[in-house]
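Student: Numbering-wise (this note's numbering), the sequence shown opens with residue 18 and increments by one. A virtual CB, placed ideally from N, CA and C, is assigned to each residue, including glycine. Before we start, here is the structure in question, set down as structure tokens.
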Amino acid sequence: ENQSELVVLAVLQPKGKNETEIVDTLLERTRGRLEGGDGKHPSFPKTADEQRIKHESILKGIEYPSSVELEKLQSKGAKVVAINCDPCDSKSLSQLPFRIFLEYSVG
18 ENQSELVVLA VLQPKGKNET EIVDTLLERT RGRLEGGDGK HPSFPKTADE
68 QRIKHESILK GIEYPSSVEL EKLQSKGAKV VAINCDPCDS KSLSQLPFRI
118 FLEYSVG
């Protein structure tokens, strides 16, 4: 039996927070990487100020799919499932892999 392609979009979009709050949350999560003065990854900044700049730069480059893009995928026969997740909500974020797994396993 031919099944349509399944496309699961994990939309990691913070809800109800301004950019400063989002960056502060991200910095809190990555604070451990500054312990001992090393970034623990060659591309990771070594100071909180450098981390803030990097986080702000990354956030500016994130694009979310438009309804037109989603409709285009569906018109090609794909089943599109969008899972909205607030990356600042630890509970929601921790459940995301399982939610994706469920979509692919039971649809």
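Near Ile-70, what residues of its chain come up, given a Cβ to Cβ distance below 6 Å and the 5 sequence neighbours on each side ignored?
Tutor: Taking the sequence shown and counting its residues from 1, the one referred to as residue 70 is at position 53. There are no such residues.
Student: Going by the DSSP bridge assignment, what does Ile-100 pair with across the sheet?
Tutor: Within the sequence shown, residue 100 is the residue found at index 83, counting from 1. DSSP output for Ile-100 lists Ala-27 as bridge partner(s).
Student: In the DSSP assignment, the alpha helix (DSSP H) including Pro-82 goes from what residue to what residue?
Tutor: Against the sequence shown, residue 82 aligns to sequence position 65. Segment: none, Pro-82 is in no alpha helix (DSSP H) and carries neither H nor E.
Student: At which residues does the alpha helix (DSSP H) containing Pro-114 begin and terminate?
Tutor: Stepping through the sequence shown from its first residue, residue 114 is reached at position 97. Here the alpha helix (DSSP H) through Pro-114 covers 107-123.
Student: Going by the beta-carbon positions, is the gap between Pro-31 and Cys-105 smaller than 7 Å?
Tutor: Here the question's residue 31 lines up with position 14 in the sequence shown. Here the question's residue 105 lines up with position 88 in the sequence shown. It is a contact, given that the beta carbons lie within the stated cut-off.
Student: If Leu-76 sits next to Glu-45, beta carbons under 8 Å apart, how far is it from one beta carbon to the other, in whole angstroms?
Tutor: Working through the sequence shown from its first residue, we reach residue 76 at position 59. Working through the sequence shown from its first residue, we reach residue 45 at position 28. Not quite, the Cβ-Cβ distance comes to about 15 Å (not below 8 Å), so this is no contact.
Student: Return helix, strand or coil for Glu-22, following the three-state DSSP convention.
Tutor: For the purposes of this step, residue 22 is taken as the residue at position 5 of the sequence shown. It is coil, neither helix nor strand.
Student: Would Gln-91 be called buried (16 or more neighbouring beta carbons within 10 Å of its own) or exposed?
Tutor: Translated into the one-based positions of the sequence shown, residue 91 becomes position 74. With fewer than 16 other Cβ atoms within 10 Å, it is exposed.
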